[in-house]
């Protein structure tokens, strides 16, 4: 991993060290978030899978009985019987927050004007129709729950993918890059420090040598004067 | 208050009239796509059920709505039978989130 292109100064070092600390904390938090999201996601998926299997089986029964109902009577009879539904259903939508993923929660409200679910005369319709309408209304809540779960799955899957990418980016790109930069800056600063020490030692040597030479010259001068 | 929509061929969707769903009949996938767009655009629908047969053709369109909080578009098998498309979408979501298919491999 190539280090960042920054000036090798103590200030930069401090800055990058603090960024590394932030990245490390963020990485830990995001990793925890990902794990928890994943745990909840798998629970939802398991429930959804079971529910879908149930609904699909029930629907195939319903379709079967509707086909029979259509075949027994006049095909137009079906449409006539069902065209004006007695029930009118609407949905109340509230939100639930799962680890900062906002998912919808559906609550069905059925405005029913009567007690029975059939809104057609029994004279021209077959008994199969009654049975299929009955069966369909039994799975209505399951259908709504299925939609709710599948939307939750879609939204959570997006969020998990995003979080996973972030965790990986921090773990494999940003954090190593910061570490590398910190190392590079430290090495550069140490190198400068060593350069400085050597220079000082060299200067000191030169000064000592100079002093020695001056002293030597002075001694020689003194000796000359004495002789 | 939101409505529940249902899009599909006549024979598949007619029964849902009895539940009080807002049923829209589509002869082919193209019409279904147009209706779907209209329903989403209207913003009145919280759930839209789509018959699998059309969902396969409208896959790209459905992907666009995945990130929106509403509506929830759910595919259902139609009268023509169950192609397993609905299960497949869950499987894809699991693969996307986890990175590998860990729940459905036993079923195959």
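Residue numbers (the working numbering), protein chains in the order written: chain A, -13 to 213; chain B, 13 to 120.
From the three backbone atoms N, C-alpha and C, an ideal C-beta is built for every residue, glycine too.
Taking 6 angstroms as the limit between beta carbons, can you name the residues of its chain near residue i, skipping five residues before and five after?
i	result
residue 61(B)	18, 86, 88
residue 217(A)	The shown model of chain A, from -13 to 213, leaves out residue 217(A), and the question about it has no answer.
Buried or exposed: which applies to residue i, given that a residue is buried once 16 or more other Cβ atoms fall within 10 Å of its Cβ?
i	result
residue 208(A)	exposed
residue 158(A)	exposed
residue 97(A)	exposed
residue 39(B)	exposed
residue 180(A)	exposed
residue 82(A)	exposed
residue 34(A)	buried
residue 44(B)	buried
residue 136(A)	buried
residue 36(A)	exposed
residue 134(A)	buried
residue 15(B)	buried
residue 54(B)	exposed
residue 80(A)	exposed
Output needed for residue i: all residues of its chain with C-beta closer than 8 angstroms, excluding positions within five of it in sequence on either side, in chain order.
i	result
residue -12(A)	163, 166
residue 168(A)	-1, 2, 3, 6
residue 51(B)	17, 19, 36, 57, 60, 83
residue 26(A)	84, 85, 142
residue 197(A)	none
Looking only at its own chain, which residues have a Cβ that is under 7 angstroms from the Cβ of residue i, when we skip the five neighbours before and after it?
i	result
residue 130(A)	92, 94
residue 145(A)	23, 87
residue 31(A)	139
residue 65(A)	none
residue 173(A)	none
residue 47(B)	19, 36, 38
So if DSSP puts residue i in a beta bridge, which residue, or which two residues, is it bridged to?
i	result
residue 90(B)	93(B)
residue 126(A)	Bridge partners of residue 126(A): none, in fact.
residue 17(B)	34(B), 60(B)
residue 77(A)	94(A), 14(B)
residue 84(A)	87(A)
residue 84(B)	59(B)
Taking 8 angstroms as the cut-off, is the beta-carbon of residue i closer than that to any non-hydrogen atom of the ligand ZN?
i	result
residue 29(B)	Ligands are entirely absent from the displayed structure, and the ligand ZN is therefore not among its contents.
Given that residue i touches chain C, what residues does it touch there, using C-beta distances under 7 angstroms?
i	result
residue 105(B)	Checking the listed chains, one finds no chain C in this structure; the protein chains it contains are A and B.
Check: Taking one C-beta from the stretch 14 to 31 of chain A and one from the stretch 187 to 194 of chain A each time, how about it: are there three or more such pairs within less than 8 angstroms?
Finding: The stretch 14 to 31 of chain A is not in contact with the stretch 187 to 194 of chain A.
Notebook entry, point to check: Just by C-beta distance, which residues in the stretch 64 to 85 of chain B are closer than 7 angstroms to chain A?
Noted result: Cβ contacts with chain A come from 78, 79, 81, 82, 84.
Next item on the list: Could you list the residues in the stretch 128 to 152 of chain A with a C-beta less than 8 angstroms from some C-beta on chain B, going in chain order?
Entry: For chain B, the residues of the stretch 128 to 152 of chain A that bring a beta carbon within less than 8 angstroms of one of its beta carbons are 129, 130, 132, 133, 134, 136, 137, 139, 140, 141, 142, 143, 144, 146, 147, 150, in chain order.
Notebook entry, point to check: Name the residues in the stretch 84 to 98 of chain B whose C-beta lies less than 7 angstroms from a C-beta of chain A; which are they?
Noted result: For the stretch 84 to 98 of chain B, which is checked against every Cβ of chain A, the residues closer than 7 angstroms are 84, 86, 88, 89, 91, 94, 98.
Check: Going along the stretch 42 to 70 of chain A in order, which residues come within less than 8 angstroms of chain B, judged by CB to CB distance?
Finding: Residues of the stretch 42 to 70 of chain A that bring their beta carbon within less than 8 angstroms of a beta carbon in chain B comprise 42, 45, 46, 48, 49, 52, 53, 56, 64, 65, 68, 69, in sequence order.
Next item on the list: Using a Cβ-Cβ cut-off of less than 9 angstroms, give me the residues of the stretch 17 to 41 of chain A that come near chain B, in sequence order.
Entry: Of all residues in the stretch 17 to 41 of chain A, the ones placed with a Cβ closer than 9 angstroms to any Cβ belonging to chain B are 23, 24, 27, 28, 31, 32, 34, 35, 38, 39, 41, in chain order.
Notebook entry, point to check: When you check each C-beta in the stretch 39 to 64 of chain B against every C-beta of chain A, which residues fall closer than 8 angstroms?
Noted result: Of all residues in the stretch 39 to 64 of chain B, the ones placed with a Cβ closer than 8 angstroms to any Cβ belonging to chain A are 58, 59, 61, in chain order.
Notebook entry, point to check: Taking contact to mean at least 3 C-beta pairs separated by less than 8 angstroms, is the stretch 89 to 107 of chain B in contact with the stretch 21 to 28 of chain B?
Noted result: Touching, per the Cβ criterion.
Check: Just by C-beta distance, which residues in the stretch 23 to 37 of chain B are closer than 8 angstroms to chain A?
Finding: Of all residues in the stretch 23 to 37 of chain B, only 23, 24, 26, 27, 28, 29, 30, 31, 32, 33 come within less than 8 angstroms of chain A when Cβ atoms are compared, listed by chain position.
Next item on the list: With 7 angstroms as the C-beta to C-beta threshold (strictly closer), list the residues of the stretch 113 to 126 of chain A near chain B in chain order.
Entry: Those would be 118, 119, 122, 123, 126, in chain order.
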